[in-house]
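Before any comments, here is the structure.
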């Protein structure tokens with residue numbers, strides 16, 4: 001079998017939509033997927049680990065990654081910078097593995113321009129009230145930050161229409177199962193399997 | 201939740217690729233899918249039932265269905281006519297159910313013109329030797345018919361590139377699982393779920 005490059009998969013969705021839990025489940029179901037670890041200037045939350053959840057860094061280090069062209073995309077979100085290191089993602093794709101990015105809508109817009117073949121999935125909570133409850137129960141943000149995130153979530157919905165797929169996170173299992181199906185279906189695309197046909 | 205029309209799903213693939221078994225499994229996994237029963241002028245094989253596997257009919261009846269515009273597509277294959285009745289398929293799609301057609305490549309080309317939003321899946325055996333073995337082990341066709349079907353299969357491969365997805369039937373479970381994933385992924389498409397976003 002000839003090696004086919006992997007796909008770049010972009011997942012976005014409002015903060016508090018339960019994306020991280022769903023993505024954790026998807027990675028469990030798809031052990032060959034490479035999850036891209038983002039860089040950020042925000043402070044770690046309790047239980048977050050450097051190099052696992054994020055590469056935590058100061059603003060000057062982040063700025064030099066932008067200047068060196070080492071970021072596939074970057075965006076400012078609620079007063080902090082986030083970015084995707086290009087190199088590991090590109091290496092994995094070349095090796096035939098799918099690469100999953102959990103990024104904000106602005107970053108996704110940048111990826112859409114530079115990588116039109118990427119697969120774009122938007123994850124939504126079943127309703128906005130639910131989103132508010134999730135943000136509060138997390139207990140990590142001030143009331144002001146929660147208001148800011150909710151306002152932001154409403155704005156993000158306008159970008160959702162640019163995505164290829166919409167997944168509603170009513171239960172983690174259902175949402176993860178839908179994303180896993182999307183990834184498998186994308187692997188069955190004729191454009192990705194043409195080589196199998198040629199072998200016959 | 202607002203009712204969204206179902207999708208039209210077209211599955212093709214060489215005779216003997218094991219399509220029927222795979223489709224049986226897919227229908228088992230997706231009980232809401234409506235399987236379109238085709239009309240044909242060919243004689244029933246042992247165990248085939250009228251109204252379940254096909255609507256078996258004489259040539260004059262088939263011709264009048266063409267003349268009445270009652271067929272979504274029709275094609276001649278190895279000396280027999282096959283066609284898809286339009287009405288039940290259209291009713292099910294309107295009711296929000298996915299409709300699955302198991303049709304030949306020529307018929308699929310007709311559907312592609314009239315229904316550009318349909319989903320096209322091509323099912324292949326892992327190799328052509330395997331296809332020959334399956335045709336022989338079925339024991340229903342003469343040597344001449346087998347040659348004819350193999351020749352035909354090679355011709356059909358040229359049409360495969362026009363399909364959206366390629367599924368290799370190495371095991372029934374794997375192939376059925378891939379098709380089920382494709383159907384679920386297609387239901388997650390933003391174009392089909394826009395109404396959920398609007399509700400938010």
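Chains as they are written, first to last, in this note's numbering: chain W, 1 to 200; chain U, 201 to 400. C-beta: ideal position from N, C-alpha, C; glycine also. Every value quoted in this text rests on a predicted model; they were computed, and no experiment measured them.
The three-state secondary structure of residue 189 of chain W, taken from DSSP, is strand. Residue burial is scored here from C-beta neighbours: residue 13 of chain W has at least 16 other C-beta atoms within 10 angstroms and is therefore classed as buried. Within a 10 Å sphere around the beta-carbon of residue 371 of chain U sit fewer than 16 other beta-carbons, which makes this residue exposed. Proximity to residue 326 of chain U across U:219, U:211, U:207 peaks at U:219, based on C-alpha coordinates. Identification of residues in the segment 156 to 189 of chain W having a C-beta nearer than 7 Å to some C-beta of chain U yields 157, 160, 161, 163, 164, 165, 166, 167, 168, 178, 181, 182, 184, 185, 188, 189, given in sequence order.
By the neighbour-count criterion, in which 16 or more other beta carbons inside 10 Å mark a residue as buried, residue 67 of chain W falls on the exposed side. For the 8 Å CB-CB criterion, residue 123 of chain W and residue 11 of chain W form a contact. Residue range 71 to 77 is occupied by the beta strand (DSSP E) that includes residue 75 of chain W. Contact annotation for residue 400 of chain U against chain W: 124, 127, 128, 157 [CB-CB distance below 8 Å, chain order].
Around the beta carbon of residue 292 of chain U, 16 or more other beta carbons lie within 10 angstroms, which makes this residue buried. When the beta-carbon positions are compared, residue 382 of chain U and residue 365 of chain U come within less than 8 Å of each other.
The DSSP-derived three-state label of residue 379 of chain U is helix.
With a cutoff of 8 Å on beta-carbon distance, residue 156 of chain W and residue 110 of chain W are scored as not near each other.
Close partners of residue 393 of chain U in chain W (Cβ separation under 7 Å): 166. Taking 3 residues as the minimum length, the beta strand (DSSP E) runs contained wholly in the segment 315 to 346 of chain U are 319 to 324, in order along the chain. For residue 350 of chain U, the three-state secondary structure derived from DSSP is helix. Straight across, the Cα-Cα distance linking residue 227 of chain U with residue 315 of chain U is about 22 Å.
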